Ligand SMILES: Nc1ncnc2c1ncn2[C@@H]1O[C@H](COP(=O)(O)OP(=O)(O)O)[C@@H](O)[C@H]1O
Ligand SMILES: [Mg+2]
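Chains as they are written, first to last, in UniProt numbering: chain Y, 1 to 220; chain L, 1 to 240.
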């Protein structure tokens with residue numbers, strides 16, 4: 001079984017897969033950074049008493065969570081340019097998709113973490129004379145932030161894997177490079193297995209780092 | 001020092017307080033007793049505006065807290081509250097729990113706040129626990145820290161909402177002892193409690209609440225030995 005395949009030959013394609021890997025990491029890191037900012041803003045929106053801010057944040061979250069990432073990617077790359085009459089480079093489109101998509105999920109993580117802090121914490125703060133903003137800043141946020149870390153790590157891993165879907169909009173990331181090689185050299189088994197291992201290497205590393213952070217911060 | 005007139009509180013259609021009248025002098029210790037759901041917590045929470053008051057008048061230390069121009073946070077700094085569930089801040093150690101509000105609200109320097117915190121920890125018998133985190137303390141210790149934290153704002157009035165109800169029986173005494181000492185030092189206190197022994201010993205006055213009303217009030221002696229209202233008798237028979 002194993003012998004039929006040219007596993008050593010895969011090494012010849014490492015430079016090309018390596019380029020793909022770099023794009024995957026680039027889009028993941030930039031996309032998640034922007035996604036984190038979007039998530040923080042719209043997470044606040046979901047917690048806001050301001051009806052307009054709350055509604056905008058809710059529509060954003062529901063639309064993104066309610067549509068497949070693949071549809072979002074194709075829409076941004078093929079439909080959006082027709083609307084704004086401006087062609088997006090595939091990499092920009094990819095970053096937009098990952099940012100906007102992860103932002104919606106991160107917004108829910110932010111909201112959930114803040115709402116999971118017992119009501120008594122805010123009340124204790126207010127009863128001591130802290131303003132609402134002071135109580136949020138010194139009491140609620142530090143506790144909520146700790147609770148966000150495990151689900152955020154989970155979302156990071158999901159988003160990194162999601163970047164593979166961007167191959168359909170021609171982002172030259174890892175999956176795209178793998179498909180390119182496999183279709184030219186008919187070594188689908190070796191290449192796709194290798195691609196899978198690359199993703200696994202990234203996600204396992206991230207899991208490991210996250211577990212370390214969680215241990216350091218004493219998160220159960 | 002406190003004057004409450006015709007205090008009403010509704011949650012939606014549910015009328016929880018139905019016209020509370022009560023007055024309290026400085027240094028007075030009042031215990032509030034009554035069945036669960038009678039509105040005792042809600043009454044306390046209205047006094048420091050953790051609940052919005054539906055109607056009525058509450059005057060604390062000459063200030064009408066219903067006045068829309070009044071600074072709610074200022075009122076709250078004058079009224080300390082101790083909760084059944086302690087509500088210590090789990091991400092801060094004991095000393096940080098105590099000094100947070102004095103620094104952020106009273107604008108004390110860190111040194112001043114810590115000096116104050118050390119005095120208070122000594123008072124509640126926890127001098128050696130400043131660096132501990134709440135999870136490392138017993139319930140009784142946590143509640144004593146919560147009392148110290150409230151006192152750090154130097155309030156004129158302290159509210160206690162069933163401060164010992166979440167404690168194991170063997171830890172109740174240490175918390176009541178701190179409260180008793182506080183009462184002897186002249187703190188004005190309202191204590192919702194099921195500890196009838198404490199009420200009898202420490203309270204100047206006992207209020208019996210039922211269905212959102214103060215049904216009966218009097219000295220502990222009078223309430224516990226010769227209650228006038230049938231409902232008070234019934235309640236006391238159940239708990240004593
Ligand atoms: N936030 C709230 N929303 C709706 N109803 C409430 C709320 N808080 C208390 N209540 C109701 O008010 C009544 C009195 O509650 P509470 O003041 O906690 O009574 P007690 O402290 O005497 O047990 C109860 O029927 C309770 O269900
Ligand atoms: Mg209660």
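Note that the Cβ used here is the ideal one computed from N, Cα and C, for glycine as well.
Computed from a predicted model, the values in this text were never measured in an experiment.
Residue 90 of chain L reaches chain Y at 121, 143, counting residues in chain order whose Cβ is nearer than 9 Å.
With a cut-off of 8 Å, the C-beta of residue 56 of chain L is classified as distant from ligand 1, since no heavy atom of the ligand falls inside that distance. In the pairwise beta carbon analysis, the region 70-85 of chain L is classified as not touching the region 126-134 of chain L: fewer than three pairs are separated by under 8 Å. Secondary structure at residue 49 of chain L: coil, using DSSP grouped into helix, strand and coil.
Not one heavy atom of ligand 2 lies closer than 8 Å to the C-beta of residue 162 of chain Y. In this chain, the alpha helix (DSSP H) harbouring residue 94 of chain Y covers 90-115.
According to the DSSP secondary-structure assignment, residue 14 of chain L is paired through a beta bridge with L/11. Residues 42, 45, 46, 107 of the same chain have their beta carbon placed closer than 7 Å to that of residue 57 of chain Y, with the five preceding and five following residues left out of the count. Between residue 124 of chain Y and chain L, the shortest Cβ-Cβ separation is below 9 Å. For the alpha helix (DSSP H) assignment, the region 15-59 of chain Y encloses no uninterrupted run of at least 4 residues. Going by DSSP, residue 196 of chain L is part of no beta strand (DSSP E) but of the alpha helix (DSSP H) stretching over 196-202.
Membership of residue 205 of chain L in the beta strand (DSSP E) is indicated by the continuous run 205-210.
Cβ-Cβ separation between residue 1 of chain L and residue 25 of chain L: approximately 6 Å, consistent with a contact (criterion under 8 Å). Per the C-alpha coordinates, the member of L/76, L/122, L/43 positioned closest to residue 6 of chain L is L/43. Sequence-ordered contacts of the region 97-117 of chain Y with chain L are nonexistent [C-beta pairs closer than 9 Å].
Here residue 173 of chain Y is buried. Its C-beta has 16 or more other C-beta atoms within 10 Å. By the neighbour-count definition (other C-beta atoms within 10 Å, threshold 16), residue 197 of chain Y is an exposed residue.
In the same chain as residue 158 of chain L, and ignoring 5 residues on each side of it, the C-beta atoms closer than 6 Å to its own belong to 80, 187, 189, in chain order. The way I'd put it, the region 148-163 of chain Y does touch the region 106-121 of chain Y; three or more beta-carbon pairs between them come closer than 8 Å. Contact between residue 216 of chain L and residue 228 of chain L holds, with the beta-carbon distance rounding to 6 Å and staying under 8 Å. Residue contact check for residue 130 of chain Y against chain L: a CB pair falls below 9 Å.
Counting along the chain, residue 57 of chain L sits inside the beta strand (DSSP E) bounded by residues 55-60. In this structure residue 63 of chain L is not in contact with residue 155 of chain L, their Cβ atoms being roughly 14 Å apart against a cut-off of 8 Å. Your pair residue 88 of chain L and residue 124 of chain L does not check out as a contact, with CB atoms roughly 13 Å apart and the cut at 8 Å.
Using beta-carbon distances, residue 51 of chain Y does not count as an interface residue toward chain L, since no partner is under 9 Å.
Per DSSP, reduced to three states, the secondary structure at residue 160 of chain L is strand. Boundaries for residue 163 of chain Y: no beta strand (DSSP E) harbours it, and the DSSP string shows neither H nor E there. By the C-beta density criterion, residue 133 of chain Y is exposed, having fewer than 16 other C-beta atoms within 10 angstroms. In the pairwise beta carbon analysis, the region 66-78 of chain Y is classified as not touching the region 137-147 of chain Y: fewer than three pairs are separated by under 8 Å.
For residue 239 of chain L, the enclosing alpha helix (DSSP H) starts and ends at 230-239. Just so you know, the alpha carbons of residue 55 of chain Y and residue 48 of chain Y end up roughly 9 Å apart. Between residue 155 of chain Y and chain L, the shortest Cβ-Cβ separation is not below 9 Å. In this model, residue 204 of chain Y and residue 167 of chain L are separated by some 44 Å (Cα to Cα).
In the DSSP assignment, the residues bridged to residue 24 of chain L are L/2. By the beta-carbon neighbour count (other beta carbons within 10 angstroms, threshold 16), residue 67 of chain L is exposed.
Residue-level contact check: residue 105 of chain L touches chain Y, since one or more beta carbons of chain Y fall below 9 Å from its beta carbon.
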